[in-house]
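Encoded as structure tokens, the structure appears first; notes follow it.
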Amino acid sequence: MRLIDTHNHLDFPPFDDDRAAVLERARARGVERQVIIGVYQAHWQRLWDLVGREPGLYATLGLHPAFLHRHRPAHLAELREWLQRLAGDDRLCAIGEVGLDYYIENPDKPRQQELFEAQLELANEFERPVLLHVRRAHAAVVATLKRLRPARGGIAHAFSGSYEEAREYIRLGFRLGLGGAGTWPQALRMHKVLRQLPLDSIVLETDAPDITPHAHAGERNSPEFLPDICVALAEIRGVSPEELAAASYRNSCELFGWEP
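Mind the numbering: the sequence shown is residues 1 to 260 in the working numbering, read in order.
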């Protein structure tokens, strides 16, 4: 199987001791490309340095709603500068992780909304896809997307909503990022939704080091587990792992503008 991990945090400290070995094992298992996600300004350079050192890695840059306490008004201006400087570099493949998070304690909804809209406007200006973070905020996110209409679409990362919510994202040009959460036996609603989704709407992800799949319960999640996620989700979906992997690979390449 040829696979693309469309969302992970390989630059995070849990991988500092064995990052090279993780990359080697992931590649050996067919994970050809990985998208490493930016979440706040202070780690963009660290992320970009990693992408520059290793083949098959791509970056996104964004201001994540759960890290609101870290963000400053100047960081939006810095994000624009990064996008301008790297306008011709295909290793910067999207803006993200951005969105709304109403699950965190006492969310500052107006400030989250302002930051989200500003980054959607940058996505349109620089013609980049958007990688969404959404928790307990699907209605607000969809309403915002309908107003601002990101031209390149994107991915609703770690999607766990209803089929009706999935259809809204698909209509807006978004794919649905599926990973370890859907592999757990108790995720019955996700299983039902997965069986209904068209294959051309699905991309695979790990979100490593978080959201470990059931087959690796108790372990740190890792990009090398993406084949196991694919196998488990394919069984639930009722297709072969090869078919799901091929669909996800094709969908990811179409979204990011890569040659398959």
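All C-beta atoms in this analysis are idealised placements derived from N, C-alpha and C, irrespective of residue type, glycine included.
| Asked | Found |
| --- | --- |
| What ranges does the beta strand (DSSP E) occupy inside the segment 81-161, keeping only unbroken runs of at least 3 residues that lie completely in it? | 92-101, 130-135, 154-156 |
| Measuring alpha carbon to alpha carbon, tell me which of C230, W82, R237, A66 ends up nearest G30. | C230 |
| Enumerated in chain order, which unbroken segments of the beta strand (DSSP E) with a length of 3 residues or greater are wholly contained in the segment 33-84? | 57-61 |
| Taking the beta carbon of I211 as the centre, do at least 16 other beta carbons fall within 10 Å, making it buried, or is it exposed? | buried |
| Given a cut-off of 9 Å on the beta-carbon distance, is the pair E97 and L132 in contact? | yes |
| With L203 as the anchor, note down where its beta strand (DSSP E) starts and where it stops. | The sequence shown places Val at residue 203, not Leu. Element bounds for V203: 202-204. |
| I'd like to confirm the pairing. Which residues does DSSP put opposite N8 in its beta bridges? | I36 |
| Can you give me the start and stop residues for the beta strand (DSSP E) that L255 sits inside? | Here L255 belongs to no beta strand (DSSP E); instead the alpha helix (DSSP H) covers 241-256. |
| In three-state terms, what does DSSP make of G286? | With the chain covering only 1 through 260, there is no way to say anything about residue 286. |
| Using 10 angstroms around the beta-carbon of N8, count the other beta-carbons present and answer buried if the total reaches 16, otherwise exposed. | buried |
| Examine the ligand ZN and report whether any of its heavy atoms sits within less than 8 Å of the Cβ of A181. | Because no ligand of any kind appears in the structure shown, any question about the ligand ZN cannot be addressed here. |
| Return the residue from the list N251, F12, T60 that minimises the CA-CA distance to I170. | N251 |
| With distances taken between CB atoms, is the gap from P65 to G99 smaller than 9 Å? | yes |
| Alpha carbon to alpha carbon, how far is R189 from S162? | 8 Å |
| Since I believe L76 is in contact with A140 (beta carbons under 8 Å), could you give me their beta-carbon distance rounded to a whole number of angstroms? | Not a contact, Cβ separation roughly 20 Å. |
| Taking D101 as the reference, which of A156, D49, S248, E32 has the closest Cα? | A156 |
| For R136, which residues from the same chain have a beta carbon less than 8 Å from its beta carbon, with the 5 sequence-adjacent residues on both sides left out? | D101, Y102, Y103 |
| Alpha carbon to alpha carbon, how far is P209 from D11? | 10 Å |
| Just verifying my parser: in three-state terms, what is the DSSP assignment at L3? | strand |
| Take E224 as the anchor and find which of A28, P73, D90, G218 has the nearest alpha-carbon. | A28 |
| Taking the C-alpha atoms as reference points, what is the distance between G177 and R111? | 25 Å |
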